[in-house]
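Below you'll find the structure, written out as structure tokens, and then a few comments.
What follows is the structure, encoded as structure tokens:
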């Protein structure tokens, strides 16, 4: 696990909180493929959802493990996602001479397709309900620590069995926050090559100011191809490209991987998010954004090195601010409190539910305990105090050696056998690392930690080792040899003895904080087990009171959403459901072409070749959230009519509750992609492949 | 007091901490004009400092009350300061059609000189030691609350008397953190007009990346003129312009207004800065910087509106990060601890000092108590929870009505009679206010406060009044009528009844939090009185142990610093003491002219007219800090050879201790200013006035 992933997780983990069942309304829902809303679709849209239709969509959907969604768009392994989902790979492929993230890329032949450093794509092949087996392994009267250990052990065992039997990546996922456990099997693709990306200026036209806004004019797409045995993979399912796009009020479906929602947290958990987690994660984001903005201003090369991380911070900032705004709406809390009261009253009033009536208080107590250790958890275990890639690598090596000596079921979950291949892909990545950039981030992290935990904190003192943070960071980055991938492989293979013998300063830093980090993680994991059990009880109360037929909170697993292409009203004025290519040029002109509203030269030169009436972006009412980026939008026939790339500002509360008054998902129209490929990029070969008119050769 | 000043103060107040006496070394020292380092100058530089030389420099020095320094450079009231000191005035003079801050300004005739909205310049006319009178008014056995009240009362009385007798602005300033009290009398100039400013691109060439760096190439100057009775004021003292600039190793003097240093805080106070104040003020800065950067990206006009504030955040960020780095150096604390131990031991060992030996513990206890209320103090009293101009105006109106009904000596200090004229200048300023910008900042402040004090905090609940922050902020800004200056005057004249009758929502918001804000302020002021008394005792211990002959910590009062023009070594390489105009073009080319390294068109067009060998910027060892910006640099003859505009990164620890190993002040060379005025701007009239060759007509 690299520190990049640590930092990602940091943003995410604050939101890892329990949820449960509730009643979907209107076009609400991030539905499991095993429990799709057949009745609603039939009743509301006279659409009969068949197993065949659903299975095809499932296997044409692709998960980007760097964080995002995508789909197969040709039988020869061609994958489409967003430019901003591919940005991580584009960033890593770049160097001092090549800025693919900014300038785009176009492979005119298969031979020119560029292999990504560490991109893993997953396709969900099968789903199995293992709830009973997981719960049976956890004794009813076990203390939380023992319950957590037992649950971890049985999950690892199920995964390992499945991996050995099928060769497929096998993950037991927790749904309904502990109400259900499903075994997901994925086909992994790790030879992934870049085929085409537009310039960032048009992919992310309007940049941060227009992010989460509509109307929009973004060609937020890029194309990869998965390979097997050195040849384009033949994939059994891909989406047929629609040349007619989408009509107003047309029913559409979105198949993708929403990352995280928190819709059915208890009031105590939501208060924690509002009063602690969100404000703190925003500090993290603001700090990173300013650090990288200032670094980027110093030179073009700096800007290139920091670009993808900076985009991530900016995007998270807007998303979290929007979420916090939802949390700070007293009407939202009043409604939450009322519905919680009703459930608690119901539980208290029914004999068969009375044992569950204390579940809310148990969650509140667990949340308080988590709050007590939250600061140390963030800095020591989640790695905010050491934010740089090299620390992440060092910790992975240190822990892998220790964990892999243990039985599979007793390891920290990220070191379980079934996850080994993905972990190694990341650990041995050949992506470039830059000393100055690593030092910059590590120095900032050490400074921040000293301010938050206090300079007098015993571990802070030992971490700084008598030096000011910047000096200490420079020493660590200069001293470590972990940039050398061959050395990483050697240490990883050599176990604890080899890791200790290396006397690498970054590994020794990881070792220095490891006992404390593990201790605080154990506290959090134990409290989360308590919450998991309580949430399972609340889910049963809901089931008794409200009945069945719902969907779990998002967990970066495949979900089906649906809705209609539809505009909305804002400040009394109608916002039409789609934009056209003409609008792109209008906005460019209105902003005087200033950054981030500049257009690539070829978009200006080739304007007259474009049909400016081509629909560009459109909004719809499907229920999505971060992680859905890159999700295919399909029509009743299952044809691809667009690709999700954003939600509007009003959609940012979807973390907590669904609304379709103004909240909208935003997609690129399939017609705009074809038009741009042919007229601007002269990428007829690629366009023809999308239309099934030729193979990839 | 506008909220702009509240927010400025906020950044500053965290640093309002005690200091004392210590031993100056090398070219160290921010010397009082009443106690200049005559012996050192004689011994080290064979320079005889005469009263005449000193008095002339004092009265040619100008304080910018918006925060900065300057000097008279012609007998007709022409004042030179930095572009970044004038930025506040330039910003306020701008509108949708005029961006003087970005584009510069050049009045070709007196009639074209533009009157500033609310700029006040002060010239220090006389200094009187009133220590005995102040201390005599404070009973030795008074409780801290009573001591604070008595001290406030006598200071106000001295000031009022002086104002009535002389008509001059009269401020009793606290020096040596309570060791001495001086009465400063200032001539005020409030009809200040803009004469000339270059484009920001060249004034601040290199922008944030090059800020606090050297080598530099900035024309960071602008010119104002003070008027009296509608005509240019004839001023008795001005600096003669040197056409030869400065030579390497030449002795130079800096006369200006260093804002705040914290060199002799106790260890307990420094720990508070390190572990609380600096990390928290950085949060404030990062938050503001991201907010305004994102707002600015949306349109040119937004960028114009936010520019000066954004520059302020960026500058503070680098300054505070540099200061924090100093605080996080364990060697610094080790030295501090050792010297404190020595003093404490000396106090304990001498009978006449034994009563003072507990001073350090009393300061530590007071600091702890301040820390307990710090969060509420920041948000409620310092106004971080309401950061916008309109709230500042509302609070001033509310409090002015209440305070002015009290005896002068019992009022909150900012409402004392002697400060009335300056307060009114600010309160009735005609500077533009923008609803969207006010709403943006207020909404962010409310959101932040809810996160920090907790949404459940009773006052937070009442402030939000059942609405989410953004909605509440919009309602307040839309509802208030305080943008109307005539209304402000009416309410200000009408006392509490008129203020209440106005039923203005922003004033009612200020009223809602006022009791709590005043209460927490009282706690802080009482603890500061305790610290003041303890610091006075520590000062006496120092005097007994170390002897006399030193300077107080900076307090934005006039000081004399000196040093030599001299390069330094960095990473083993020599950094020459000055740059030339050729270097400007070299750096522009090396950075490809990308922002913030772009040059105004006329600088490119007129390059060949310039003598590129002209010295541009130079560094020197004078002891300066923020507030010294715009300070004249003079040679032995008292001629102006440059103007201070920055310090290098190594100088940022000067808050806490002096060093001249690498720390340097950075100045614009007087020759570069003339060269640019004549060759680039064709401002021969202004250049001739600087050389005394013609009047201002």
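Residue numbers (our numbering), protein chains in the order written: chain A, 549 to 1245; chain B, 549 to 1245.
No residue lacks a Cβ here, since even glycine has one placed at the ideal position from N, Cα and C.
Values in this document were obtained by computation on a predicted structure and should not be read as measured data.
Sequence-distant residues of its chain with Cβ nearer than 6 Å to residue i (five each side left out)
i, result
"residue 1175/B", "805, 806, 807, 1104"
"residue 871/B", "1200, 1203"
"residue 1198/A", "1210, 1211"
"residue 570/A", "In this predicted model, residue 570/A has a pLDDT of only 41, less than 50, meaning its place in the structure is not dependable enough to derive any value."
"residue 822/B", "875"
Proximity below 7 Å, CB of residue i to CB of residue j
i, j, result
"residue 1129/A", "residue 1169/A", "no"
"residue 608/B", "residue 619/B", "yes"
"residue 1101/A", "residue 809/A", "yes"
"residue 1058/A", "residue 893/A", "no"
"residue 921/B", "residue 829/B", "no"
"residue 773/B", "residue 999/B", "no"
"residue 803/A", "residue 1188/A", "no"
"residue 653/A", "residue 742/A", "yes"
"residue 989/B", "residue 936/B", "yes"
"residue 1031/A", "residue 994/A", "no"
"residue 1225/B", "residue 1215/B", "no"
"residue 846/B", "residue 757/A", "yes"
Inter-residue CB distance, residue i and residue j (contact presumed, cutoff 8 Å)
i, j, result
"residue 637/B", "residue 679/B", "Contact flag wrong, Cβ pair sits at about 36 Å."
"residue 799/B", "residue 593/B", "5 Å"
"residue 621/B", "residue 627/B", "7 Å"
"residue 769/B", "residue 1221/B", "6 Å"
"residue 991/A", "residue 1013/A", "So it is not a contact: roughly 14 Å between Cβ atoms."
Cβ shell of residue i (< 8 Å), same chain only, five flanking positions each side left out
i, result
"residue 706/B", "678, 681, 682, 718, 720, 731"
"residue 859/A", "632, 635, 752"
"residue 1160/A", "1128, 1129, 1130, 1133"
Residues near residue i by beta carbon distance below 7 Å, same chain, minus five either side
i, result
"residue 1155/A", "1133"
"residue 561/A", "Caution applies to residue 561/A, whose pLDDT of 27 falls short of 50 and renders its modelled position unreliable; the value that the coordinates give is listed next. Cβ within range, chain order: 930."
"residue 574/B", "1208"
"residue 840/B", "854, 857, 858, 861"
"residue 708/A", "956, 965, 966"
"residue 1037/B", "976"
Alpha-carbon spacing of residue i relative to residue j, whole angstroms
i, j, result
"residue 565/A", "residue 725/A", "The pLDDT assigned to residue 565/A is 27, lower than 50, so where the model puts this residue is not dependable, and the model offers no usable value."
"residue 623/B", "residue 915/B", "48 Å"
"residue 1184/A", "residue 686/A", "43 Å"
"residue 1278/B", "residue 669/B", "Given a span of 549 to 1245 for chain B in the structure shown, any question on residue 1278/B remains unanswerable."
"residue 960/A", "residue 1196/A", "38 Å"
"residue 579/A", "residue 747/A", "34 Å"
"residue 650/B", "residue 1231/A", "43 Å"
"residue 882/A", "residue 898/A", "25 Å"
"residue 1025/A", "residue 1018/A", "11 Å"
"residue 1046/B", "residue 965/B", "21 Å"
"residue 932/A", "residue 864/A", "16 Å"
"residue 665/A", "residue 603/A", "31 Å"
"residue 1180/A", "residue 1053/A", "46 Å"
"residue 1010/A", "residue 763/B", "36 Å"
"residue 1227/B", "residue 1158/B", "6 Å"
- Task: Residues of the stretch 665-688 of chain A with a CB closer than 7 Å to any CB of chain B: list them in chain order, please.
- Result: none
- Query: Relative to chain A, which residues along the stretch 571-605 of chain B have a C-beta separation below 9 Å, given in chain order?
  - Reply: none
- chain B contacts made by the stretch 1015-1032 of chain A, where a contact means CB separation under 9 Å: 1015, 1016, 1017, 1018, 1019
- Contact residues within the stretch 863-887 of chain B, judged by C-beta distance below 7 Å to chain A: 865, 872, 873, 876, 877, 878
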